[in-house]
Amino acid sequence: MAQKKFNVLPGFGLTMGFTLFYLSAIVLIPFAALVIRTLELSWADFWRLATTDRALAAYRLTFGASLIAAAANAVFGTLLAWVLVRYEFPGRRFIDAMVDFPFALPTAVAGLTLANLFAANGWLGKYLVPLGIKGAFPPLGVVIALTFVGLPFVVRTLQPVLQNLEREVEEAAATLGAGRLRTFTTIIAPSLLPAVLTGLALAFARAIGEYGSIVFISGNLPFKTEIAPYLIVIRLDEYDTTGAIALAMVLLACSFLLLGAINLLEQWASRFQSSS
Amino acid sequence: MTGIAAKQRRVAHRASQRGTEESPLAKWALITIALAFCFVFLLLPLANVFAQALTQGWGYYCKSLVEPDSLAAIRLTLTVAAISVPLNVLFGLAAAWAIAKFQFRGKTILITLIDLPFSVSPVVAGLMLVVLFGLQGFFGKWLDAHDIKIIFAVPGIVLATVFITFPFVARELIPVMQATGTEQEQAALTLGANGWQTFWHVTLPSVKWGLIYGIILCNARAMGEFGAVSVVSRHIAGHTETMPLRVQALYEGTTASSAAAAFALASLLATLALFTLGIKTFLEWKQERAERSIVGRVDG
Numbered sequence: 095m096a097q098k099k100f101n102v103l104p105g106f107g108l109t110m111g112f113t114l115f116y117l118s119a120i121v122l123i124p125f126a127a128l129v130i131r132t133l134e135l136s137w138a139d140f141w142r143l144a145t146t147d148r149a150l151a152a153y154r155l156t157f158g159a160s161l162i163a164a165a166a167n168a169v170f171g172t173l174l175a176w177v178l179v180r181y182e183f184p185g186r187r188f189i190d191a192m193v194d195f196p197f198a199l200p201t202a203v204a205g206l207t208l209a210n211l212f213a214a215n216g217w218l219g220k221y222l223v224p225l226g227i228k229g230a231f232p233p234l235g236v237v238i239a240l241t242f243v244g245l246p247f248v249v250r251t252l253q254p255v256l257q258n259l260e261r262e263v264e265e266a267a268a269t270l271g272a273g274r275l276r277t278f279t280t281i282i283a284p285s286l287l288p289a290v291l292t293g294l295a296l297a298f299a300r301a302i303g304e305y306g307s308i309v310f311i312s313g314n315l316p317f318k319t320e321i322a323p324y325l326i327v328i329r330l331d332e333y334d335t336t337g338a339i340a341l342a343m344v345l346l347a348c349s350f351l352l353l354g355a356i357n358l359l360e361q362w363a364s365r366f367q368s369s370s
Numbered sequence: 004m005t006g007i008a009a010k011q012r013r014v015a016h017r018a019s020q021r022g023t024e025e026s027p028l029a030k031w032a033l034i035t036i037a038l039a040f041c042f043v044f045l046l047l048p049l050a051n052v053f054a055q056a057l058t059q060g061w062g063y064y065c066k067s068l069v070e071p072d073s074l075a076a077i078r079l080t081l082t083v084a085a086i087s088v089p090l091n092v093l094f095g096l097a098a099a100w101a102i103a104k105f106q107f108r109g110k111t112i113l114i115t116l117i118d119l120p121f122s123v124s125p126v127v128a129g130l131m132l133v134v135l136f137g138l139q140g141f142f143g144k145w146l147d148a149h150d151i152k153i154i155f156a157v158p159g160i161v162l163a164t165v166f167i168t169f170p171f172v173a174r175e176l177i178p179v180m181q182a183t184g185t186e187q188e189q190a191a192l193t194l195g196a197n198g199w200q201t202f203w204h205v206t207l208p209s210v211k212w213g214l215i216y217g218i219i220l221c222n223a224r225a226m227g228e229f230g231a232v233s234v235v236s237r238h239i240a241g242h243t244e245t246m247p248l249r250v251q252a253l254y255e256g257t258t259a260s261s262a263a264a265a266f267a268l269a270s271l272l273a274t275l276a277l278f279t280l281g282i283k284t285f286l287e288w289k290q291e292r293a294e295r296s297i298v299g300r301v302d303g
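Residue numbers (the working numbering), protein chains in the order written: chain S, 95 to 370; chain P, 4 to 303.
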């Protein structure tokens, strides 16, 4: 606060005013509208709408597939980050740049091309479908699409941590006679864990709200292949706004819980960084 | 001389790493798995977009893109981006100026609120607008009485896009503006520049690259948004269909040529994504080089 007294820069009132006005108009008022409509519901009504059998089946698919996808990203993302930071190989810079591709690609295009790739006559489906691996249909197709959209999170969270890892510690371990595997499991893995978990939580949070890529893959059969965001869209198409709101509040609550968890994980991770 | 010194350093470096590197076998196994994963999850989907777009030949590819409904979708997507990106740039600059250059209570809460759209599912974002402006919504009656259409019309699509892309520019600008501090602006003001001149000639050039990065990210997201737009659009071909929505409509058409048309439109969006990645990589390379030259000067 002391700094403000000496700050001669102009424009605080103007920029702050505009920031608050725009934030309210675009984000806070729509948000408040949703919350107010939810509060108008009685708790019993809300519970009934949010926990219909069809909704429960949708949550199961959404959360189950998101968790598997996030776990797959934790494994392959860690591997990819490790390889990109530690090794030199032809095409390293290209792969490094391509990691952000799922961020940049519109989700509809991702869904379209993945559905085609794993369909019976697609490049991969041609070989996989005869083996009984149906990657263009739920639940596997949903997991594949969610893995794609969540791919950058673990890699990008882990890369800076790996770069800042002190090699001296590993050298000390080697000097003391530890094998490479032992060094990895006892020295490296524990200091990477918070970042891996943060990346996993970020990928999971992204996956539970994902819609665009799934509509191309999901068969959208009630109870079987419906994800929660898709059920919200169906409720809206039926002009059942209240039903849609109840489902949306469940998704929002989960997002905020995850956001809190991610903040805690990041604090934990930064403590790890400073203590090492 | 320098050659020998560098060689000695390399040898010493290699020796120091003995015992801290995996065996070549493990190393190449890991690289192979990583590359295979990237091949299946990144390169194949990308290549597939273009391959499928051209299954009916170049003639059909070009024809499907200039077909009236697709052309209208391209036009709508460009219009929506042309409105929502400048709005969010204006907001990003204002928010970054207020947050980075001044101290005030509640700054952390403000930053959290700016990030809010990131943690909202696009479908839920669309739903919020329906609750606000839909026929049964808060302003529904009033809008209907005055014959203003927001939901199921272009204004709703713009609002949904603005919501989804809201944090991008601000997020990129805040750390960059914080890093440059306030000394240069204060110097400019002392020398008699007014506020606008200071902003235009001192602040803006110093955050140029961060701003460009924010704009291309915001633009990529604005042009590709699906979920939120899908909720507030009635999917009327030629009127309220953006490019991603048109891709879905074409994909749901049953003919093989319709699928090729979907991929043709998708290939434009994929090209946009590649362009975005290209700019991003270029900016990072530029920044890395700038940092290295500073380090080099300090070393020298």
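We put the beta carbon where it would ideally sit given N, CA and C, even for glycine. Given the structure is predicted, the values throughout are model-derived calculations rather than measurements.
Cutoff 7 Å: residue i Cβ touching any chain S Cβ
i: Leu217 of chain P; result: For clarity, residue 217 of chain P is Gly in the given sequence; the question names Leu instead. So no, Gly217 of chain P is outside the interface.
i: Gly303 of chain P; result: Because Gly303 of chain P carries a pLDDT of 45, less than 50, the predicted location of this residue cannot be relied on, and the following value inherits that uncertainty. So no, Gly303 of chain P is outside the interface.
i: Tyr254 of chain P; result: yes
i: Phe141 of chain P; result: yes
i: Lys211 of chain P; result: no
i: Gln187 of chain P; result: no
i: Ser73 of chain P; result: no
i: Ser122 of chain P; result: yes
i: Thr35 of chain P; result: no
i: Gly95 of chain P; result: no
i: Glu294 of chain P; result: no
i: Pro41 of chain P; result: Sequence check: residue 41 of chain P is Cys here, not Pro. Yes, Cys41 of chain P lies at the interface with chain S (some Cβ there is under 7 Å from its Cβ).
i: Trp203 of chain P; result: no
Rounded straight-line distance, which links the Cα of residue j to that of residue i
i: Ile162 of chain S; j: Ala338 of chain S; result: 26 Å
i: Thr113 of chain S; j: Phe171 of chain P; result: 14 Å
i: Leu259 of chain S; j: Ala29 of chain P; result: 20 Å
i: Leu173 of chain S; j: Ala297 of chain S; result: 16 Å
i: Arg292 of chain P; j: Phe166 of chain P; result: 35 Å
i: Gly111 of chain S; j: Leu46 of chain P; result: 46 Å
i: Glu134 of chain S; j: Tyr64 of chain P; result: 52 Å
i: Gly227 of chain P; j: Ile123 of chain S; result: 25 Å
i: Pro233 of chain S; j: Gln189 of chain P; result: 59 Å
i: Thr115 of chain P; j: Leu93 of chain P; result: 19 Å
i: Gly158 of chain S; j: Ile238 of chain S; result: 13 Å
i: Arg142 of chain S; j: Val232 of chain P; result: 28 Å
i: Thr82 of chain P; j: Leu275 of chain P; result: 16 Å
i: Leu351 of chain S; j: Gln361 of chain S; result: 16 Å
i: Phe188 of chain S; j: Gly281 of chain P; result: 10 Å
i: Thr335 of chain S; j: Leu325 of chain S; result: 12 Å
i: Thr193 of chain P; j: Ile297 of chain P; result: 28 Å
i: Arg148 of chain S; j: Val327 of chain S; result: 14 Å
i: Glu24 of chain P; j: Pro254 of chain S; result: 19 Å
Residue i at chain P interface by Cβ criterion, 7 Å
i: Asn357 of chain S; result: no
i: Ala127 of chain S; result: yes
i: Gly271 of chain S; result: no
i: Ser349 of chain S; result: yes
i: Arg186 of chain S; result: no
i: Leu208 of chain S; result: yes
i: Pro323 of chain S; result: yes
i: Gly107 of chain S; result: no
i: Leu287 of chain S; result: no
i: Val177 of chain S; result: yes
Supposed close pair residue i, residue j - CB separation, criterion 8 Å
i: Ala191 of chain S; j: Thr284 of chain P; result: 4 Å
i: Glu244 of chain P; j: Ala85 of chain P; result: Actually they do not touch by this definition, with Cβ atoms about 17 Å apart.
i: Thr241 of chain S; j: Ala97 of chain P; result: No, Thr241 of chain S and Ala97 of chain P are not in contact; Cβ-Cβ is about 38 Å, not under 8 Å.
i: Ser270 of chain P; j: Ala56 of chain P; result: 4 Å
Distance cut-off 6 Å: residue i Cβ against heavy atoms of the ligand HEM
i: Leu291 of chain S; result: Looking for the ligand HEM in the displayed structure turns up nothing, as the structure carries no ligands at all.
- Query: Does the pairing of the segment 193 to 204 of chain S with the segment 245 to 257 of chain S give three or more beta-carbon distances under 8 Å?
  - Reply: yes
- Query: Does the segment 133 to 146 of chain P come close enough to the segment 173 to 190 of chain P that 3 or more CB-CB pairs lie under 8 Å?
  - Reply: no
- Message: Taking 8 Å as the cut-off, does the segment 298 to 313 of chain S touch the segment 321 to 341 of chain S (at least 3 CB pairs, one atom from each stretch)?
- Response: yes
- Message: Any contact between the segment 75 to 90 of chain P and the segment 283 to 290 of chain S? By contact I mean 3 or more CB pairs, one from each, below 8 Å.
- Response: no
- Pair every Cβ in the segment 202 to 213 of chain S with every Cβ in the segment 264 to 284 of chain P, then say whether three or more of these pairs are closer than 8 Å. yes
- Query: Taking three-plus beta-carbon pairs below 8 Å as touching, is the segment 95 to 107 of chain P in contact with the segment 160 to 176 of chain P?
  - Reply: yes
- Kindly confirm or deny that the segment 142 to 161 of chain P and the segment 202 to 215 of chain P touch, where touching means at least three C-beta pairs closer than 8 Å. no
- Task: Could you tell me whether the segment 214 to 229 of chain S touches the segment 38 to 54 of chain P, where touching means 3 or more Cβ pairs closer than 8 Å?
- Result: yes
- Item | Stretch-stretch touch, CB-based, cutoff 8 Å, three pairs: the segment 33 to 41 of chain P with the segment 168 to 184 of chain S | yes
- Query: What residues in the segment 142 to 174 of chain P bring their beta carbon closer than 7 Å to a beta carbon of chain S?
  - Reply: Val165, Phe166 and Phe169
- Query: Using 8 Å as the Cβ pair cut-off and three pairs as the minimum, do the segment 108 to 127 of chain P and the segment 150 to 162 of chain P touch?
  - Reply: no
- Query: Using a beta-carbon distance cut-off of less than 8 Å, what residues from the segment 142 to 165 of chain S approach chain P?
  - Reply: none
- Item | Near-chain S residues of the segment 225 to 244 of chain P (beta-carbon distance less than 8 Å), N- to C-terminal order | Met226, Gly227, Glu228, Phe229, Gly230, Ser233 and Val234
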